[in-house]
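Chains as they are written, first to last, in our numbering: chain W, 1 to 334; chain F, 1 to 334.
Just so it is clear, CB atoms sit at the ideal spot from N, CA and C, and this is done for glycine as well.
No experiment lies behind these values; they were computed from the predicted model shown.
2 protein chains.
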Amino acid sequence: MTATRLEPYQVEKAAAWLDGRVVETPMIRCEALDRLAGCRLWLKAENLQTGGSYKMRGAMLGIGRVVERGGRGVVAQSTGNHGIAVAKAAAVYGLAATIILPTDAVSSKIARVQAAGASVIFAGTTLDERLHAVDEVRARTGHEVMDAFDHPDVIVGQGTATLELLAQLERRGSALDALVVPVGGGGGVAGACLATAGSGISVYGAEPRGCDSMGRSLAAGERVTVEPEPTVADGLKPALVGRLPFNIAREFGLRALTVDERSIVRATWLALIEGKLLVEPSAAVALAGAIELSRRGRFSDIGVLLTGGNIEAGFLYQLAARHKSAEIGRTEIG
Amino acid sequence: MTATRLEPYQVEKAAAWLDGRVVETPMIRCEALDRLAGCRLWLKAENLQTGGSYKMRGAMLGIGRVVERGGRGVVAQSTGNHGIAVAKAAAVYGLAATIILPTDAVSSKIARVQAAGASVIFAGTTLDERLHAVDEVRARTGHEVMDAFDHPDVIVGQGTATLELLAQLERRGSALDALVVPVGGGGGVAGACLATAGSGISVYGAEPRGCDSMGRSLAAGERVTVEPEPTVADGLKPALVGRLPFNIAREFGLRALTVDERSIVRATWLALIEGKLLVEPSAAVALAGAIELSRRGRFSDIGVLLTGGNIEAGFLYQLAARHKSAEIGRTEIG
Chain W
1 MTATRLEPYQ VEKAAAWLDG RVVETPMIRC EALDRLAGCR LWLKAENLQT GGSYKMRGAM
61 LGIGRVVERG GRGVVAQSTG NHGIAVAKAA AVYGLAATII LPTDAVSSKI ARVQAAGASV
121 IFAGTTLDER LHAVDEVRAR TGHEVMDAFD HPDVIVGQGT ATLELLAQLE RRGSALDALV
181 VPVGGGGGVA GACLATAGSG ISVYGAEPRG CDSMGRSLAA GERVTVEPEP TVADGLKPAL
241 VGRLPFNIAR EFGLRALTVD ERSIVRATWL ALIEGKLLVE PSAAVALAGA IELSRRGRFS
301 DIGVLLTGGN IEAGFLYQLA ARHKSAEIGR TEIG
Chain F
1 MTATRLEPYQ VEKAAAWLDG RVVETPMIRC EALDRLAGCR LWLKAENLQT GGSYKMRGAM
61 LGIGRVVERG GRGVVAQSTG NHGIAVAKAA AVYGLAATII LPTDAVSSKI ARVQAAGASV
121 IFAGTTLDER LHAVDEVRAR TGHEVMDAFD HPDVIVGQGT ATLELLAQLE RRGSALDALV
181 VPVGGGGGVA GACLATAGSG ISVYGAEPRG CDSMGRSLAA GERVTVEPEP TVADGLKPAL
241 VGRLPFNIAR EFGLRALTVD ERSIVRATWL ALIEGKLLVE PSAAVALAGA IELSRRGRFS
301 DIGVLLTGGN IEAGFLYQLA ARHKSAEIGR TEIG
């Protein structure tokens, strides 16, 4: 699949195909966040997408094509959201799906994969262990592999979120100078590069510090494997970005940003309490990156791809615990 | 002001005036909530409105008119959201604002009123005590009173949220059979009655059990004062609905619904974890009401006015604490 060359027009084709099959998520502004950033932030609320993340776009497109080819089932590895999306998309098409999850997947994501009717197999904690399990299932069942990021349909599918944001801005008579997208394996940000090609928008891939496989790869001029450090952004831990995403990122001039754990947690809270949006830490990485970027003072309109909102109650509990002492809680749950 | 008679066309006029002055909030669907209700729920996300609630609509309209009349300032009593909205709208117009809050107002709402630059006066815990304080300020300053619900501009302003929802549905080629709106003093639901007049949509006013001043008033055929019981829905505690809202509610055939505390808390959690929207318990009352209504099986498309999202960290903490034990929390905030 790595011989594939993707072109910007393919994102437009994908968007036309996905029209009516995925949600057109709203573009949201928040006065308090704008004030904080000192510029206009245009939030693309993909946490409101079916399945709770933008991964539904790539999964619907990819699985739709599997069905066209007469495939009988799919297998995918994921830390969560891609697994949920593949499980839900397969259910839409009545296709069998097997999802390989790490043993440290967050329980709310496991529950959502299972609720969609997919078979779940747990395989270690590393990408290699999961990929090995994928091969085993593929060999046994003959089902097609739906890679989480190194897959053309997934890349152009995820890219439609960016294309939709650009169209929404255009209808408002506005435009972006910059766009910030969280980077795990790089599928979403590669799609964003394709979607913005020729627009003059600077695309930034935001990664947790210590999980900056894209940043290090771009600096080295080749894909670099990192040993991911622990992060609250559980969706952004791949040790190595995809070959196809990396090639696109390099070709289209992706810039890299890293954010620390403290700013990710803060951005998750700000999105919630000021933006009124539940986003997962992996999505808040984009907001943290945009706030960081805004400090450089070069941009007046920054797009922020809030990629998903599948979060655990335990994380919310910790987040609220940090802030509740700052107020006098008067409303008691009876 | 009680001699005023409001007509449906005035909501349309208000909407035209407010166009570009308030946010067109998104209409959101959530598969999981639809499945739970067994029908289509069309969520109007006014938690994403400027100031975090639909009260901004009435406040912008009302204060805009005060400015046209040459007024120098406004005074308003509120349990929170109307106060935030008046403070923010006054700031937009550069007008002085004094907000009378109860001593048990939630601290996050107090902070938001103050952040908007308004003067805050605390006055007891009852509506009577706050109204007395309003009179005192009006007499002393000559500033106009912006009542939280018994005010024509506030009623038609709040009604524009419903009108906007109807327009969004029409663009989607859909329509409502029913609409559920939370009831405090009745301004929002009276606006909804005007906005839906002649459409055949059944409008339901949802109240916390024990704070059902509108329900009891409609049953009695006259305004009835209740002794409000404690509720997590801190915005819906007025002991008596407004005269003007009550007259509109009766004339346009408003129906009443009550929901218990448990279902309000549950709806707040569902909106958050499934809908990915932070709504305050007073807004979740509409979702709880819609779920209750859906059980009666007569409706296929129910509109839900999610009126606001200003919530305390302490409440979120309690809410998450109830659910975190059901999962194995693996993501730790460092």
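Using a Cβ-Cβ cut-off of 8 Å, W/G124 is close to nothing in chain F; its nearest Cβ partner there is about 15 Å away. The beta-carbon separation of F/M27 and F/V74, rounded to 31 Å, does not stay under the 8 Å limit for a contact. Around the C-beta of F/G142, fewer than 16 other C-beta atoms lie within 10 Å, and the residue is accordingly described as exposed. Bridge pairing for W/T258: W/E207 [DSSP]. At least 8 Å separates the CB of F/P238 from every CB of chain W. Non-local C-beta neighbours of F/S217 in its own chain, meaning closer than 7 Å and more than five positions away in sequence, comprise R223, V224, V241 and F246, ordered along the chain. Ranked by Cα distance from W/C211, the first of W/G198, W/V232, W/C193 and W/A220 is W/V232.
Look at W/Q168 here: in three-state DSSP terms it is helix.
C-alpha of W/R171 to C-alpha of F/A16: approximately 19 Å in a straight line. Closer than 8 Å to the CB of F/E129 there is not a single CB belonging to chain W. Here W/L305 is near W/G188, since their CB atoms are less than 8 Å apart. Given a length threshold of 3 residues, each whole run of the beta strand (DSSP E) inside the segment 168 to 251 of chain F is given here in chain order: 178 to 182 and 202 to 208. For F/E144, the three-state secondary structure derived from DSSP is strand.
When secondary structure is reduced to three states using DSSP, W/K44 falls in the strand class. A straight-line Cα-Cα distance of about 33 Å links F/T126 and W/C30. Residue state for W/F149 is assigned as coil, using DSSP reduced to three classes. With respect to the C-alpha of W/D177, the residue from W/G200, W/L194, W/P8 and W/E164 having the closest C-alpha is W/G200. Here F/V11 carries a helix assignment [DSSP, helix/strand/coil]. Contact of W/H323 with chain F by beta-carbon distance below 7 Å involves A313. Sequence-distant Cβ neighbours of F/L131 in its own chain, meaning closer than 8 Å and more than five residues away, are Q77.
With a 10 Å radius around the Cβ and a threshold of 16 neighbouring Cβ atoms, W/E7 comes out exposed. Put simply, the CB of W/N47 is near chain F, with a gap under 8 Å to one of its CB atoms. Around the beta carbon of F/E292, a 10 Å sphere encloses 16 or more other beta carbons of the protein chains shown; the residue is thus reported as buried. In the three-state reduction of the DSSP assignment, F/A76 falls in the strand class, which pools E and B.
Taking one beta carbon from each stretch, the segment 303 to 321 of chain F and the segment 32 to 47 of chain F have 3 or more pairs nearer than 8 Å; the two touch.
In the three-state reduction of the DSSP assignment, F/L316 falls in the helix class, which pools H, G and I. Sequence-ordered contacts of the segment 5 to 29 of chain W with chain F read V23, P26, I28 and R29 [C-beta pairs closer than 8 Å]. Distance between F/Y93 and F/E144, taken at the CA atoms: about 14 Å. When DSSP states are grouped into helix, strand and coil, F/L95 belongs to the coil group. If you draw a straight line from the Cα of W/Y54 to the Cα of W/I155, it comes to about 11 Å. Shown in chain order are the members of the segment 31 to 65 of chain W whose Cβ falls below 7 Å from a Cβ of chain F: E31, N47, L48, T50 and G52. Within chain W, the C-beta atoms nearer than 7 Å to that of F/G309 come from K276, in chain order. None of the residues of the segment 200 to 214 of chain F has a beta carbon lying less than 7 Å from any beta carbon of chain W. In the structure shown, W/S53 adopts extended strand secondary structure according to DSSP, grouped into three states. With its beta carbon less than 8 Å from one in chain F, W/L272 belongs to the interface. The Cβ of W/A284 sits no closer than 8 Å to any Cβ of chain F.
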